[in-house]
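First comes the structure, then the notes that go with it.
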Amino acid sequence: MASSSYEQLQQDLHPPLTRHEASVESDRCYFCHDAPCVTACPTGIDIPLFIRQISTDNPTGSARTIFNENILGGMCARVCPTETLCEQACVRNTAEDNPVRIGELQRYATDHQMETGEQPFKRASITGCRVAVVGAGPAGLACAHRLALLGHEVDIFDANGKPGGLNEYGIAAYKSVDEFAQQEVAYILSIGGITLRQDEALGEDFILDDLKRDYQAVFLGMGLGAVNDLGIEGEELAGVVDAIEFIAELRQSQDYSQLDPGERTIVIGGGMTAIDAAVQSRMLGCEEVTLAYRRGVERMNASQFEQDLAKVNGVVIRNWLQPLRVVGENGQVTGVEFARMSEEGGQYGPTGETLILPCDRVLKAIGQQFVNSVATGDGASAVELEAGRIRVDAERRTSDSQVWAGGDCIAGGEDLTVAAVQDGKLAAESIHSTLTKG
Amino acid sequence: MADLSSEFLGIKSPNPFWLASAPPTDKEYNVVRAFEAGWGGVVWKTLGEDPHVVNVNGPRYGAMYSSDRTLIGLNNIELITDRPLQVNLDEITRVKRDWPDRAVVVSLMVPCEEQSWKTILKKVEDTGADGVELNFGCPHGMSERGMGAAVGQVPEYIQMVAEWCKQNTQMPVIVKLTPNITDIRGPARAAMAGGADAVSLINTINSIISVNLDTMSPEPSIDGWGSHGGYCGPAVKPIALNMVAEIARDPETAGMPISGIGGVTTWRDAAEFMALGAGNVQVCTAAMTYGFRIIEELTQGLSDWMDDQGYSQVSDIVGKATPNVKDWKNLNLNYISKAVIDQDLCIQCGRCHVVCEDTSHQAITAMVDGKRHFEVIDEECVGCNLCVSVCPVVDCISMEQVTEGMDVRTGKPIVSEYANWTTHPNNPSAQS
Ligand SMILES: Cc1cc2nc3c(=O)[nH]c(=O)nc-3n(C[C@H](O)[C@H](O)[C@H](O)COP(=O)(O)OP(=O)(O)OC[C@H]3O[C@@H](n4cnc5c(N)ncnc54)[C@H](O)[C@@H]3O)c2cc1C
Ligand SMILES: Cc1cc2nc3c(=O)[nH]c(=O)nc-3n(C[C@H](O)[C@H](O)[C@H](O)COP(=O)(O)O)c2cc1C
Ligand code: SF4
Ligand code: SF4
Ligand code: SF4
Chain A
231 MASSSYEQLQ QDLHPPLTRH EASVESDRCY FCHDAPCVTA CPTGIDIPLF IRQISTDNPT
291 GSARTIFNEN ILGGMCARVC PTETLCEQAC VRNTAEDNPV RIGELQRYAT DHQMETGEQP
351 FKRASITGCR VAVVGAGPAG LACAHRLALL GHEVDIFDAN GKPGGLNEYG IAAYKSVDEF
411 AQQEVAYILS IGGITLRQDE ALGEDFILDD LKRDYQAVFL GMGLGAVNDL GIEGEELAGV
471 VDAIEFIAEL RQSQDYSQLD PGERTIVIGG GMTAIDAAVQ SRMLGCEEVT LAYRRGVERM
531 NASQFEQDLA KVNGVVIRNW LQPLRVVGEN GQVTGVEFAR MSEEGGQYGP TGETLILPCD
591 RVLKAIGQQF VNSVATGDGA SAVELEAGRI RVDAERRTSD SQVWAGGDCI AGGEDLTVAA
651 VQDGKLAAES IHSTLTKG
Chain B
-7 MADLSSEFLG IKSPNPFWLA SAPPTDKEYN VVRAFEAGWG GVVWKTLGED PHVVNVNGPR
53 YGAMYSSDRT LIGLNNIELI TDRPLQVNLD EITRVKRDWP DRAVVVSLMV PCEEQSWKTI
113 LKKVEDTGAD GVELNFGCPH GMSERGMGAA VGQVPEYIQM VAEWCKQNTQ MPVIVKLTPN
173 ITDIRGPARA AMAGGADAVS LINTINSIIS VNLDTMSPEP SIDGWGSHGG YCGPAVKPIA
233 LNMVAEIARD PETAGMPISG IGGVTTWRDA AEFMALGAGN VQVCTAAMTY GFRIIEELTQ
293 GLSDWMDDQG YSQVSDIVGK ATPNVKDWKN LNLNYISKAV IDQDLCIQCG RCHVVCEDTS
353 HQAITAMVDG KRHFEVIDEE CVGCNLCVSV CPVVDCISME QVTEGMDVRT GKPIVSEYAN
413 WTTHPNNPSA QS
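Chains as they are written, first to last, in the working numbering: chain A, 231 to 668; chain B, -7 to 424.
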């Protein structure tokens, strides 16, 4: 049995900053004018201000600044690919290739405030309006919190046993240790006025019309329910697993030794999910993990930091491999046959060469799909879609004037926690102005 | 290699760096360590009459920090030596005997009576020490007893005590000045009138370093109370530099030797003090912050810079900048400069823009053709240097002189002749 490193699964990827570290790091921020980092943050947190508040030893004020724009600032501090967001834009990057560690500072302030258990805000007086939120993921939670803050009553319906969405089931274990997702949900709910209704699924237990009848407004934040199939021969073989399912099982496991890490895993995909699945396979004890992606490194959705993380953890990344079929014996996967690809003069295609990589497990991570739970009886969608996801306007209104949507389930989404939070917040503001208009 | 050896009032030392009278020079043990490390000389911690004073038994120091805890200012409520006079005198005797090539000057503070000074001067002379420094500077504690700054703030007392000392000893007499005074030239003139051979400055500045907002006690806190102390370290250097320059360029005191003190931390600080007229420098806080080994950086840095500039001995640099210190009214109003941003170095933090926009002259763009871009608008730039002061990148913004054509801000032609306020048409008392 290969060596496992369960403790790595339970340890923070970046240990929290101490007060001294936070003080030194915060001093590096230049308090830029019209700061580029703020523009690069999907939720528009006033980064120079919150960092300055850390440097003046006012973590409470700092957390207020963060939560004001992003109530999931704690989770975002842990999971945001900062190297492609705020920290990429930081002027210190230009100056010395070494940005201010915005994410870690954000965690310092939010951890401080969440430890107190106190919300830095007071709810507005009760409006009497009731809003239904579907999905207790980042989008739904952010929407619900902002609505509650503005004085509305919110019911959140979620199909799963636990709230949090992918924060609970999808985010890599080492990014959210110590049950942080659940702690954060509890913190968000402490604002009051929000009722969680788990194990109640739209499209199964009730339909959109029920919500429209019982509530003045509805927010849809149900994420993406299904994963894309490879669509190749042998996909049904035992050992071919959906990467998100694999991660969910791992995240919910109370005892990692009960999980089978496999001996040779091939992860197919080039994004964050592929990297997370590969790294966690290694930590679980899988001897050989190969990540196969069909194009070159520069086309991978995973950032340089994530690719490096995979390599440091012993994952082999192989580019230009397109899966042709999964091969197996006795119903069990034994390998994947790939076509070698190339791109010459802008022309992407097979070189004609094929190869088989042996394995006893395949993790599929080639993207997710929207499952339309707002389909009407005749199969049509109750709200208009665009490219297979819900179409919204800038305020996150759907084609139905009583329904808003945000997060992974909308068209043009970025599939990031922080983007989902922004959607939820914007939708809440829009719902609020609609409800209070008259 | 430049010759760092120094002669101040005839007192020789291998380099111009002395330790100022303070804890680093309080005991034989410390002073020997300093000499072993390479310090040129010491001014022994101030001696007083027996019975010796006592210090508080709680915290004596408080600090001002930058965010990464670099110490930028130090405050103390310590008094003069708290050891018996004879113990100090015996140690001074031994140290001077064992280290004949180093300067050993003894700092003194006794009551304002001639007999007190006469008595202690005789005792110090017997140690073989090279000179005395009269401590008219400490702003706290001793001043409540009519000594230290209480003397240094009254020019007549300074002159009187300096005269007593000159009459009662052959040793060179240095008067150490307090900065807690309106015009430093008064005390310096008084010292000179009293016959003092030199002045040294500055001593510490009256200060409360901080208040503990939980207990509401000033720091350092003694059982919930605090007292004002003396401030020193890097933060006081600009104040000290000005005071040195004021004395150096005052016609009445010009040429009087000056020992420069106050925030000397690097060789560069020392060179600046000397350029403004100090014959040597004294250091306290930097040694108390980093230990004695900084002397290596101080001596090597000064020597390397002198080599670079072609100065062969320390006296070559003393007073080099003094003639360039002028009254404001003599500055050339026809000198026009404007800020220029090096776009290759600019990291686009926008600080130059926002400070110029909010607090100055609206002379830096934030956006050009829809793009984030910081550029000086010559028509608005008054050349104030604020943007240079706040830009985080070295040499990214520079002030460049405009020598031809016209100043696009005022529309007036550039004139190469010197002209100052005394002849300016807006000056009601202009002389033509
Ligand atoms: C493996 C993995 C790793 C990731 N890692 C990162 C990362 O490191 N950083 C990052 O920024 N982003 C990451 N992401 C993306 C991020 O998790 C998502 O963008 C984000 O969670 C989207 O939030 P959401 O609220 O839209 O949806 P979700 O988080 O998916 O939440 C949707 C919620 O709706 C509920 N729901 C679904 N259907 C129904 C229904 N019919 N009725 C009622 N409830 C329903 C679900 O139970 C769930 O609770 C990762 C994604 C995956 C899959
Ligand atoms: C703790 C402490 C005690 C001091 N005691 C004396 C003293 O006894 N006599 C004296 O003349 N100056 C005393 N000083 C002042 C120093 O000699 C020196 O003038 C002042 O600190 C400025 O120099 P610096 O900025 O290098 O520290 C003391 C300073 C400190 C920090
Ligand atoms: S860009 Fe960097 S330095 Fe500027 S405000 Fe943002 S974090 Fe601070
Ligand atoms: S020198 Fe002063 S006026 Fe000119 S651009 Fe800089 S800050 Fe503005
Ligand atoms: S302060 Fe300096 S670095 Fe920042 S925008 Fe201005 S010129 Fe550029």
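Every residue, glycine too, gets a C-beta built ideally from N, C-alpha and C.
Ordered list of beta strand (DSSP E) runs contained in the stretch 341 to 421 of chain B, each at least 3 residues: 389 to 393
Short CB-CB distance (under 9 Å) between residue 295/A and chain B: One-based indexing of the first sequence puts residue 295/A at position 65. Closer than 9 Å: no.
Interfacial residues, the stretch 372 to 385 of chain B to chain A, with Cβ spacing under 8 Å: 384 and 385
Below-9 Å beta-carbon distance, residue 292/A vs any chain B residue: Numbered from 1 along the first sequence, position 62 holds the residue referred to as residue 292/A. Contact with chain B is absent for residue 292/A, since none of that chain's Cβ atoms lies less than 9 Å from the residue's Cβ.
Residue 73/B: first and last residue of the uninterrupted alpha helix (DSSP H) it sits in: Residue 73/B sits at position 81 when you count from the first residue of the second sequence. First-last for residue 73/B: undefined, no H or E at that position.
Short CB-CB distance (under 9 Å) between residue 54/B and chain A: Reading the second sequence from its first residue, position 62 is the one you call residue 54/B. It does not; no Cβ of chain A falls within 9 Å.
Cβ contact (3+ pairs, closer than 8 Å) linking the stretch 198 to 205 of chain B and the stretch 51 to 62 of chain B: Using a Cβ-Cβ distance cut-off of 8 Å, the stretch 198 to 205 of chain B and the stretch 51 to 62 of chain B are in contact, since at least three pairs of beta carbons, one from each stretch, lie closer than that value.
Integer Cβ distance of residue 339/B from residue 324/A, believed to fall under 8 Å: Within the second sequence, numbered from 1, the residue matching residue 339/B stands at position 347. Within the first sequence, numbered from 1, the residue matching residue 324/A stands at position 94. Correct: roughly 4 Å between the Cβ atoms.
Residue range of the unbroken beta strand (DSSP E) whose run includes residue 583/A: The residue labelled residue 583/A in the question sits at position 353 within the first sequence. Run containing residue 583/A: 577 to 588, per the beta strand (DSSP E) assignment.
Interface flag, residue 60/B vs chain A, CB-CB below 9 Å: Taking the second sequence and counting its residues from 1, one reaches residue 60/B at position 68. So, interface residue.
Closer than 9 Å to chain B by CB, residue 520/A: The count along the first sequence starts at 1 and reaches residue 520/A at position 290. For residue 520/A, no CB of chain B lies under 9 Å from its own CB, so it is not counted at the interface with that chain.
Proximity winner among 387/B, 328/B and 167/B, relative to residue 252/B (alpha-carbon distances): Residue 252/B sits at position 260 when you count from the first residue of the second sequence. Comparing Cα positions, the closest option is 167/B.
Three-way DSSP call (helix, strand, coil) for residue 286/B in this model: Reading the second sequence from its first residue, position 294 is the one you call residue 286/B. Residue 286/B: helix per DSSP, three-state reduction.
Proximal chain B residues relative to residue 325/A, where beta-carbon distance stays under 8 Å: Here residue 325/A is taken as the residue at index 95 of the first sequence, counted from 1. Taking a Cβ-Cβ threshold of 8 Å, the residues of chain B close to residue 325/A are 339, 384 and 385, in chain order.
Segments of 4+ residues assigned as alpha helix (DSSP H) that fall wholly inside the stretch 368 to 405 of chain A: As summarised for the stretch 368 to 405 of chain A, the continuous alpha helix (DSSP H) elements at least 4 residues long and confined to that stretch are 368 to 379 and 396 to 399, given in chain order.
Per-residue burial, residue 2/B [other beta carbons within 10 Å of its own, 16 or more giving buried]: Your numbering for residue 2/B matches position 10 in the second sequence. That one is exposed.
Coil, strand or helix - residue 47/B by DSSP: Start at 1 with the first residue of the second sequence, and residue 47/B comes out as number 55. Note: residue 47/B maps to coil in three-state DSSP.
Residue range of the alpha helix (DSSP H) that includes residue 37/B: Counted from its first residue, the second sequence places residue 37/B at position 45. Premise fails: residue 37/B lies in the beta strand (DSSP E), 33 to 39, not in any alpha helix (DSSP H).
DSSP three-state assignment for residue 639/A, whether helix, strand or coil: The count along the first sequence starts at 1 and reaches residue 639/A at position 409. Correct three-state label for residue 639/A: helix.
Beta-carbon proximity check, residue 401/B vs residue 370/B, cutoff 9 Å: Here residue 401/B refers to the residue found at position 409 of the second sequence. Here residue 370/B refers to the residue found at position 378 of the second sequence. It is a contact, given that the beta carbons lie within the stated cut-off.
Bridge partners - residue 634/A, DSSP secondary structure assignment: Translated into the one-based positions of the first sequence, residue 634/A becomes position 404. BP columns for residue 634/A point to 449/A and 627/A.
Coil, strand or helix - residue 324/A by DSSP: The count along the first sequence starts at 1 and reaches residue 324/A at position 94. Reduced to three states, the DSSP call for residue 324/A is helix.
Length at least 3, wholly inside the stretch 477 to 549 of chain A: the beta strand (DSSP E) runs in chain order: 494 to 498, 518 to 522 and 545 to 548
Residue 342/B at chain A interface by Cβ criterion, 9 Å: Taking the second sequence and counting its residues from 1, one reaches residue 342/B at position 350. At least one chain A Cβ lies under 9 Å of residue 342/B.
Backbone secondary structure at residue 196/B - three-state DSSP: By 1-based counting over the second sequence, the position of residue 196/B is 204. In this structure, residue 196/B counts as coil in the three-state DSSP scheme.
Residue 19/B Cβ short of 8 Å to ligand 2 heavy atom set: Within the second sequence, numbered from 1, the residue matching residue 19/B stands at position 27. False, no ligand heavy atom lies under 8 Å from that Cβ.
Within 9 Å, strictly: CB atoms of residue 122/B and residue 85/B: Here residue 122/B refers to the residue found at position 130 of the second sequence. Here residue 85/B refers to the residue found at position 93 of the second sequence. Their beta carbons are not under 9 Å apart, which means residue 122/B does not touch residue 85/B by this criterion.
Residue from 315/A, 296/A, 550/A and 255/A whose Cα sits closest to the Cα of residue 524/A: The residue you call residue 524/A lines up with position 294 of the first sequence. Of the candidates 315/A, 296/A, 550/A and 255/A, the one whose C-alpha sits nearest the C-alpha of residue 524/A is 550/A.
Residue 110/B versus residue 103/B - alpha carbon distance: To locate residue 110/B, count along the second sequence from 1; it is residue 118. To locate residue 103/B, count along the second sequence from 1; it is residue 111. Going from the Cα of residue 110/B to the Cα of residue 103/B covers about 11 Å.
Nearest candidate by alpha-carbon position, reference residue 385/B, set 258/A, 250/A, 242/A and 244/A: Locating residue 385/B in the second sequence gives position 393, counting from the first residue. Looking at the Cα atoms, 258/A is the closest of the given residues.
Where the beta strand (DSSP E) containing residue 259/B begins and where it ends: Stepping through the second sequence from its first residue, residue 259/B is reached at position 267. Run containing residue 259/B: none in the beta strand (DSSP E); it sits in the alpha helix (DSSP H), 259 to 267.
Closer than 9 Å to chain B by CB, residue 232/A: In the first sequence, residue 232/A corresponds to position 2, counting from 1. Legend: pLDDT at residue 232/A = 48, less than 50; position of this residue unreliable, no value from coordinates given.
Nearest to residue 462/A (by Cα), restricted to the options 498/A, 261/A, 452/A and 443/A: As a working note, residue 462/A is residue 232 in the first sequence. Looking at the Cα atoms, 498/A is the closest of the given residues.
Collapsed DSSP secondary structure at residue 423/B in the structure displayed: Within the second sequence, residue 423/B is the residue found at index 431, counting from 1. Coil, per DSSP.
Identity of the residue in 363/B, 362/B and 358/B nearest residue 208/A by Cα: Residue numbering for chain A in the displayed model covers 231 to 668; residue 208/A lies beyond these limits and cannot be assessed.
CB contact below 9 Å: residue 254/A versus chain B: In the first sequence, residue 254/A corresponds to position 24, counting from 1. Cβ-Cβ to chain B under 9 Å: yes for residue 254/A.
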